[in-house]
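Read the structure below first, then the notes.
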Amino acid sequence: MSDEPTTQSRPQPPPPRGPIRAALVNAWRFSVIFLAWYIARTIFWFRAKIQIKRWFGGNRREVAVRLWNVTWLTFVWVLLWGTYDLANVFTGIGVALLVLIALPLPRVPVEGRIHPLTLLELAARLIAAFFISSAQVAWAAVRPAKPPLSAVLRARLAIKSDMVLTLAVDYLNLVPGTMVVEIDHSRRLLYVHLFDASSPEKVKAFYKQIETIERLFIRGFERDHEWRASPYHGIDDDLSAGDYPRGGI
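Here the sequence shown stands for residues 17 to 265, where the numbers follow the working numbering.
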């Protein structure tokens, strides 16, 4: 028996490449290079024109808000289509970025910290106030007597952040019997329509409610030792609680 390897065990040279196959391989290589080149140019154009780092924000909180906006818009997009798959998710991310870049909203300063336990207390007080105030308004509507005397009362909130002030206004608007009709933004004054201001006790109860809301929102978002003003904060931080009257009719 011969010790020489057989023809089948010898490595075979690759078959010769035909002109069509060679042209396709070369076209594929040039396509990859062409695509990589234009992707790199697009990335550098976006960095020069849109300034992605600046658009996402100057600190971690601003970046978190932007990412939350992208996530929320993507979630809404997937809900509208009613089908969860990768194509819908990536399309939603693209639409979200397009909306936020083409239709930018004013920056909302993100300041302070969130304290979940205080938020739970706020939610519990809101639910209790909702049921109590609803019962009071319903009774005033059906009782055999004249409608109660209404009034627009003025109150000042020592809240520094625009976002937290908006949440406090929403809190008041959710409670039946109170409605914020005007906001003096520079002085942090609220003008609130009170459904029942027929007695001094009712007015005192309203201002006590305002003080409680102010205290809880400051404790939940704006504790003094945690407060860090955002670069986009446009309100005078030197306003003190004694500059303006606490309230009045």
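Ideal Cβ positions, reconstructed from N, Cα and C, are used throughout, including at glycine. These numbers were taken from a predicted model, which means no experiment stands behind them.
- Counted as a single uninterrupted DSSP element, the stretch harbouring residue 196 is not any alpha helix (DSSP H) but the beta strand (DSSP E) occupying residues 194 to 200.
- Secondary structure in the segment 176 to 238: the alpha helix (DSSP H) runs of 4 residues or longer, each lying completely within the stretch, are 178 to 190 and 216 to 237 in chain order.
- Partner residues in the beta bridge of residue 168, as assigned by DSSP, are 209.
- The shortest C-alpha to C-alpha distance from residue 190 to any of 120, 115 and 209 is the one to 209.
- Counting every other CB atom within 10 Å of its CB across the protein chains shown gives residue 180 a total of 16 or more, marking it as buried.
- Less than 8 angstroms divides the Cβ of residue 105 from the Cβ of residue 90.
- Each residue's CA atom was taken as its position, placing residue 78 and residue 199 some 26 angstroms apart.
- In the pairwise beta carbon analysis, the segment 211 to 229 is classified as touching the segment 135 to 155: at least three pairs are separated by under 8 angstroms.
- Taken through DSSP and simplified to helix, strand or coil, residue 134 comes out as helix.
- The Cβ atoms of residue 139 and residue 230 do not sit closer than 8 angstroms to each other.
- Proximity to residue 145 across 219, 187 and 166 peaks at 187, based on C-alpha coordinates.
- Secondary structure note for residue 118: its alpha helix (DSSP H) is the uninterrupted segment 102 to 118.
- Between residue 128 and residue 238, the C-beta spacing is below 8 angstroms.
- Counting of Cβ neighbours within 10 angstroms places residue 119 among the exposed residues, the total staying below 16.
- Of 197, 48, 56 and 170, the smallest CA-CA separation from residue 222 is found for 170.
- Separation of residue 235 and residue 217 (C-alpha to C-alpha, rounded to the nearest whole angstrom) is 27 angstroms.
- One alpha carbon belongs to residue 102, the other to residue 84, and they sit about 19 angstroms apart.
- Each residue's CA atom was taken as its position, placing residue 97 and residue 207 some 42 angstroms apart.
- Here residue 94 really is in contact with residue 108; their C-beta atoms are around 6 angstroms apart, less than 8 angstroms.
- For the set 113, 47, 160 and 164, the Cα lying nearest the Cα of residue 219 is the one of 164.
- A direct Cα-Cα distance of roughly 47 angstroms separates residue 185 from residue 56.
- Sorting 172, 114 and 52 by C-alpha distance to the C-alpha of residue 201 places 172 at the top.
- Residue 225 holds the alpha-carbon nearest to the alpha-carbon of residue 141 among 225, 53, 158 and 51.
- Pairing residue 158 with residue 197 gives a Cβ-Cβ distance that is not under 8 angstroms.
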